[in-house]
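Following: one structure in structure tokens, then a few remarks.
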Amino acid sequence: MIAFPANIKSILTPRLVMVVGLLMLSTLATSACAVQESNTYPVETFSEMHYAQSHRMQEPPRLAPPADSVVFVSTGDASQVLNVPDRRERTYNPEVAGDLYRINCSVCHGVTGLGDGKATRHITSGSSFYATTQGTTYATPPNLVESAATRMTERDAIVGFVTNGAIVMPSFGKLLPEEDIRDIVNYIFDDTSGLSH
Ligand code: HEC
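In structure tokens, the structure reads:
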């Protein structure tokens with residue numbers, strides 16, 4: 000049995016309950032709309048980035064695999080079981096590629112690729128770190144449908160740009176496997192169910 004102090008009722012006065020409630024509400028309100036524009040990185044888009052595969056050195060310790068273990072992929076056929084593929088080729092699927100685009104790109108380039116994502120106003124803000132140190136505001140994320148149709152008509156050009164990133168745009172080569180980047184680029188060019196539709 001847990002023994003509560005006899006005066007527990009008097010501690011939980013309505014006034015205390017109200018004060019705690021108000022505190023919780025104000026914490027919620029400030030955390031929901033706080034965007035730190037003056038960081039060196041204009042918008043803290045990927046605050047959990049250090050959990051990405053590419054940032055392994057920041058991960059907590061993990062158990063090492065047994066010394067003589069071998070990576071394998073089973074293709075169902077016993078003769079193929081120990082074949083380790085360099086890359087997992089996969090067929091383009093607009094639903095998978097669309098999800099990859101929405102998760103990784105839409106916050107800046109917008110869900111339909113028009114360059115109207117939610118982070119745009121912070122990227123172009125006059126109080127961003129870039130604006131306050133360079134004396135000029137940063138570029139709006141371009142309309143990707145237009146880019147694919149005019150400036151970057153070769154898919155490989157976009158794959159290269161996305162892999163390397165730009166000042167504000169992350170280098171996705173460190174964040175996504177090449178197949179994911181290719182899927183996203185195919186989705187940008189897709190004129191049946193992708194962005195160029
Ligand atoms: C944090 C915001 C941000 C994210 C996330 C982002 N971009 Fe960008 N992107 C930009 C900005 C800003 C530019 C303009 C960069 C410049 O010109 O310096 C840009 C430029 C580009 C360009 C060059 C287009 C042109 O015509 O010059 C391509 C292509 C592109 N982004 C694709 C992507 C793709 C694909 C993703 C997702 C994998 C992505 N971006 C994620 C902000 C972002």
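Just so it is clear: in the sequence shown, position 36 is 35 by numbering that gives the first Met the number 0, and no numbers are missing.
A virtual CB, placed ideally from N, CA and C, is assigned to each residue, including glycine.
At a cut-off of 7 Å, the beta-carbon of V167 counts as near the ligand HEC: some heavy atom of the ligand is closer than that. The ligand HEC approaches Y137 closely enough that one of its heavy atoms is under 7 Å from the residue's Cβ. DSSP, reduced to helix, strand and coil, places D189 outside both helices and strands of the structure shown, so it counts as coil. Straight-line spacing of the CA atoms in M17 and S25 works out to 12 Å. In this structure, C107 keeps its C-beta atom at 8 Å or more from the C-beta atom of I183.
Looking at the backbone, the Cα of S192 and that of T111 are separated by about 11 Å.
Minimum Cα-Cα distance from E145 among the listed residues D190, T90 and L22 corresponds to D190. When the beta-carbon positions are compared, T152 and I180 stay at least 8 Å from each other. Judged by the Cβ position, V110 fails to qualify as a neighbour of the ligand HEC at the 7 Å threshold, every heavy atom of the ligand being at least this far. Distance between T123 and R150, taken at the CA atoms: about 22 Å. Straight-line measurement puts the Cα of S195 at about 16 Å from the Cα of D98.
Under the DSSP assignment, S105 falls in the alpha helix (DSSP H) whose first and last residues are S105 to H108.
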